[in-house]
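The structure appears right after this line, and notes come after that.
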Amino acid sequence: MCLHADKKFERFEEITPELLVKENVKLILCDFDNTLRLHSEKEPAEELAGWVKSVKSAGVKIIIISNNGRKKMMKKFCEPIDVPCVWWAKKPLSTKLTEAIKDSGVEPKFAVMLGDKWSTDVLAAKFAKIRAYKVNHRRNVI
Ligand SMILES: [Mg+2]
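Each residue of the sequence shown is one higher than the one before, starting from -10 at the first, in my numbering.
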């Protein structure tokens, strides 16, 4: 089993609808902290809202899969962008990824896991036998 990320990006915005169509991606399981959200952000940034919209308009589903256990905060954050979220996912365990894929009705071969951390996101993707897309860890100072 190859444990490397299948593709690497600087930030989530680089993952365009065109790329997703080209790569046959129909479901993005997405990490939350430092992938989509900076630690300081209490609500979704405009860039994130725009990205989610463009991805969805390409017919691609997004589900957030996070190890964060702050259920209320996550729900509040995800509500305005209308993205379902799974908290306390215990990545690199792949249980929650596999469940989310099954619930989505998308075949695993069309799913990717997107995240900033190899030891949780990339490994969880590999254990779930789906592709792993890695972004750089987002920091507050840009
Ligand atoms: Mg993260």
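Cβ coordinates follow ideal geometry from the N, Cα and C atoms, glycine included.
Only a predicted model underlies this, so the values are computations on that prediction, with no experimental measurement involved.
- Distance from the C-beta of LYS79 to the nearest heavy atom of ligand 1 is not below 7 Å.
- In this structure, LYS(-3) has its beta carbon at no less than 7 Å from each heavy atom of ligand 1.
- Only residues of its own chain outside the window of five on either side were considered, and among them MET(-10), LEU(-8) and ALA121 have a CB closer than 7 Å to the CB of LYS115, listed in chain order.
- Looking only at ASP(-5), GLU(-1) and ALA(-6), the smallest Cα-Cα distance to ASN125 is reached by GLU(-1).
- ASN125 has its CB no nearer than 7 Å to any heavy atom of ligand 1.
- Sequence-distant partners of VAL41 (beyond 5 residues in either direction) whose C-beta falls short of 7 Å from its own C-beta, in its chain, are ILE51, ILE70 and VAL72.
- Counting only beta-carbon distances shorter than 6 Å to the non-hydrogen atoms of ligand 1, the qualifying residues in chain order are ASP20, ASP22, ASN23, THR24, GLY104, ASP105 and LYS106.
- Where MET102 is concerned, the enclosing beta strand (DSSP E) starts and stops at 100 to 104.
- Of the candidates LEU25, LEU9, ASP(-5) and MET102, the residue whose Cα lies closest to the Cα of LYS80 is MET102.
- With fewer than 16 neighbouring CB atoms inside 10 Å of its own CB, THR5 falls in the exposed class.
- Counted as a single uninterrupted DSSP element, the stretch harbouring CYS67 is not any beta strand (DSSP E) but the alpha helix (DSSP H) occupying residues 60 to 67.
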